[in-house]
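Numbering (numbering that gives the first Met the number 0), first residue to last: 0 to 272.
Ideal placement from N, C-alpha and C gives every residue a C-beta, glycine not left out.
Source: prediction; values computed, not measured.
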Amino acid sequence: MAQTIFITGTSSGLGRAVAKLFQQEGWNVVATMRNPANESELTTLDRVLVTRLDVEDARSIGQALAAGIARFGSIDVLVNNAGFGAFGPFEATPIETIRRQFEVNLFGVLQTMQAVLPHFRARHAGIIINITSTSGRMTLPFGSLYHGSKYAVEGVTEALQYELAPLGIRVKLVEPGAIKTDFAGRSMVFTDGIVLPDYQPLLESAMGAYGKLMGASSEPERIAEVVYAAATDETDTLRYAAGADAVDMLAVRATTSDEEYFASVRTAFGLPA
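Structure below.
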């Protein structure tokens, strides 16, 4: 009997790549997005249910899960992928942007996990895969809000393993580096708050460095393969670095002191000590 995966944020990028890969591997797929009426590709695939879910709308989460269970009988794997990145000087970021960063990247994940857990508990089985980032293990300039949201998901997920493993439920983290998606377009927000001249030279230097980092980015299909491995390897592995740049960066962070790491980032981003 085919297993079923439930994925948030499948309208583009990594979420779409994950949906297509699992479908190709014979899984049933519940592909969720905020505007399913605009979808024209996933709706043509066998064993794929495209349905609405907005992680800021708790009711839509419950409705999407109910639709998936009604269609396929059960959910075996949840992938929390929906998210966006707010970048720019913290001081200049409107509070509305700050709140939304955490509503989407953190509270959306928490709400979706809470919604699926009764189903997993009843079956004494299930896997939750939270897509975080190297940004949940290390920091870079002008990403304080995005890093904060990803560090939070990392901490919640790591702690959950203790209480969910005895119930037959595994939790996992997939940590990509840079991905060649439209994250830098629709899913990345640069602050549109007040312009503070003191930050401008620092911000311009940092943006150039971010451009160089994107040069080492991975195709979303490669990251999707790591998600597939996490869903199918039948181990209790918690963290999966995804992408060559992620593996390298996390290894460097793990083997350097705070002082050494901070100095290397300042140098790479052209920031004064």
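- Secondary structure at Phe-83, three-state DSSP: helix, strand or coil? Coil at Phe-83, not helix or strand.
- Ser-143 by DSSP, collapsed to three states: which one? Assignment of Ser-143 by DSSP, reduced to helix, strand and coil, places it in the helix class.
- CB Gly-100 to CB Leu-44, shorter than 9 angstroms? Note that residue 100 corresponds to Gln in the displayed sequence, not to Gly. For Gln-100 and Leu-44, no; Cβs fall outside 9 angstroms.
- Where does Phe-261 sit, in a helix, a strand or coil, going by DSSP? Helix.
- Query: How long is the line joining the alpha carbons of Tyr-161 and Pro-196, rounded to whole angstroms?
  - Reply: Looking at the two C-alpha atoms, the distance is approximately 47 angstroms.
- Message: So, for Leu-163: in the same chain, excluding its five sequence neighbours on each side, which residues have a beta-carbon less than 7 angstroms away from its beta-carbon?
- Response: Only Val-170 meet the Cβ criterion.
- Message: Please report the straight-line C-alpha distance between Phe-86 and Thr-96, rounded to a whole angstrom.
- Response: Their Cα atoms are separated by approximately 10 angstroms.
- Task: Alpha carbon to alpha carbon, how far is Ala-267 from Ile-68? Give it in angstroms, no decimals.
- Result: Using only the alpha carbons, I get a separation of about 48 angstroms.
- When DSSP labels each residue in this structure, what does Pro-117 get in the three-state scheme? Three-state DSSP puts Pro-117 in a helix.
- Query: Are Glu-174 and Ala-241 closer than 9 angstroms when you measure CB to CB?
  - Reply: With contacts defined as CB atoms closer than 9 angstroms, Glu-174 and Ala-241 qualify as a contacting pair.
- What residues in its chain sit with their C-beta under 7 angstroms from that of Gly-61, if we drop five residues either side in the sequence? When the five nearest sequence neighbours on each side are left out, the beta carbons in the same chain lying within less than 7 angstroms of the beta carbon of Gly-61 are those of Ala-114, in order along the chain.
- Query: Which one of Arg-238, Ser-263, Asp-244 and Pro-88 has the shortest CA to CA distance from Glu-203?
  - Reply: The closest CA to that of Glu-203, considering only Arg-238, Ser-263, Asp-244 and Pro-88, is found on Pro-88.
- Look at the alpha carbon of Asp-235 and the alpha carbon of Glu-157, and state the distance between them as a whole number of angstroms. Going by the C-alpha atoms only, they are around 12 angstroms apart.
- Query: Are the region 27-34 and the region 1-19 touching by the rule of at least three beta carbon pairs closer than 8 angstroms?
  - Reply: The region 27-34 is in contact with the region 1-19.
- Under the DSSP definition of a beta bridge, which residues are partnered with Thr-236? None; Thr-236 has no bridge partner.
- Have a look at Thr-138 and Leu-52 and give me their C-alpha separation to the nearest angstrom. Rounded to whole angstroms, Thr-138 and Leu-52 show a C-alpha spacing of 30 angstroms.
- Message: Quick check on the DSSP output: the beta strand (DSSP E) that includes Lys-171 runs from which residue to which?
- Response: Element bounds for Lys-171: 168-175.
- What residues are listed by DSSP as bridge partners for Phe-5? According to DSSP, Phe-5 shares a beta bridge with Val-29 and Leu-77.
- Task: Rank Asn-79, Lys-19, Gly-154 and Asp-75 by C-alpha distance to the C-alpha of Ala-124 and give the top, closest one.
- Result: Of Asn-79, Lys-19, Gly-154 and Asp-75, the residue nearest in Cα terms is Asp-75.
- Backbone CA spacing between Pro-35 and Thr-254 [nearest angstrom]: Pro-35 and Thr-254 have their C-alpha atoms roughly 44 angstroms apart.
- Would you give the residue range spanned by the alpha helix (DSSP H) that Leu-212 belongs to? Element bounds for Leu-212: 199-213.
- Query: What did DSSP end up calling Gly-125 once you bin it into helix, strand or coil?
  - Reply: Reduced to three states, the DSSP call for Gly-125 is strand.
- Query: Looking at the structure shown, is Val-288 part of a helix, part of a strand, or coil, going by DSSP?
  - Reply: As shown, the chain starts at 0 and ends at 272. That puts residue 288 outside it, with no answer to give.
- Query: Nearest-angstrom Cα distance between Ala-1 and Tyr-150?
  - Reply: Straight-line Cα distance between these residues: approximately 34 angstroms.
- Rank Pro-117, Val-152 and Ala-121 by C-alpha distance to the C-alpha of Thr-131 and give the top, closest one. Checked all of Pro-117, Val-152 and Ala-121; the closest Cα to Thr-131 is Val-152.
- What does a CB cutoff of less than 6 angstroms around Gly-142 pick up in its chain, not counting 5 residues either side in sequence? If we look at Gly-142 and ignore the five residues flanking it on each side, its Cβ neighbours are Phe-86.
- What do you get for Gly-72, buried or exposed, if any count of 16 or more other CB atoms within 10 angstroms of its CB means buried? Of the residues assessed, Gly-72 falls on the exposed side of the cut-off, its CB having fewer than 16 other CB atoms within 10 angstroms.
- Going by beta carbon distance, what residues of the same chain come within less than 6 angstroms of Glu-220, once the five residues before and after it are set aside? Excluding positions up to five away in sequence, the list reads Ala-16.
- Message: For Gly-207, tell me which candidate among Ser-217, Leu-270 and Pro-165 has the shortest Cα-Cα distance.
- Response: For Gly-207, the closest C-alpha among the options Ser-217, Leu-270 and Pro-165 is that of Leu-270.
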